[in-house]
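J.: Could you have a look at this structure, given as structure tokens, before my questions?
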Amino acid sequence: MTEPVAKPVITQAMIDAYDEYTHLTLDRRRFMEQLTKLAGSGAAAAAIAPMLAANSAQAAIVADNDPRVKGQDITYPGSSGEMKGYLVKPAGQSGRLGTV
801 MTEPVAKPVI TQAMIDAYDE YTHLTLDRRR FMEQLTKLAG SGAAAAAIAP MLAANSAQAA
861 IVADNDPRVK GQDITYPGSS GEMKGYLVKP AGQSGRLGTV
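All residue numbers for the sequence shown refer to my numbering, where the first residue is 801 and numbers rise by one.
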């Protein structure tokens, strides 16, 4: 039987280095050098680097019956005919809202 593998600890310093790499001036080589020092080895840094990236698949999922939102099937005109979609809005809101 194999022993369970512990999840690597991601520190604020690692997050800060990733933020500098993705949003500021740190290039990938320097980012990996910093992450290697923080993680203790190149292998650990290589394992941790993908964990720092945002992952939309792990985004929160809201239940269909959540009272905070109202969802409905909609249709709207497209360039080649009618399009179908699913529109979700905050419950009890009126007027213009931000969209994605």
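Yeah, the Cβ is synthetic: ideal placement off N, Cα and C, and Gly gets one too.
In the DSSP assignment, the beta strand (DSSP E) including P877 goes from what residue to what residue?
T.: That run of the beta strand (DSSP E) goes 869-878.
J.: To the nearest angstrom, how far is the alpha carbon of R828 from that of Q834?
T.: Each residue's Cα considered, the two are about 10 Å apart.
J.: Got a sec, what are the start and stop residues for the beta strand (DSSP E) L887 sits in?
T.: Here the beta strand (DSSP E) through L887 covers 881-890.
J.: Report yes if the C-beta distance between L887 and G871 is below 9 Å; otherwise report no.
T.: For L887 and G871, yes; Cβs fall inside 9 Å.
J.: Between which two residues does the alpha helix (DSSP H) carrying G842 extend?
T.: Residues 842-852.
J.: What is the C-beta distance between M814 and I861, in whole angstroms, given that I count them as a contact (C-beta under 8 Å)?
T.: Actually they do not touch by this definition, with Cβ atoms about 27 Å apart.
J.: Roughly how far, in whole angstroms, is the beta-carbon of A844 from the beta-carbon of P808, given that I think they are within contact range, below 8 Å?
T.: Between P808 and A844 the Cβ distance is about 6 Å, and since that is below 8 Å, they are a contact.
J.: I'd like to know whether the C-beta atoms of A857 and Y818 end up nearer to each other than 9 Å.
T.: Contact flag unset, no.
J.: How long is the line joining the alpha carbons of S841 and A863, rounded to whole angstroms?
T.: Spanning the two alpha carbons is a distance of roughly 41 Å.
J.: Find out if the Cβ-Cβ distance for the pair D866, K884 is shorter than 9 Å.
T.: Their beta carbons are not under 9 Å apart, which means D866 does not touch K884 by this criterion.
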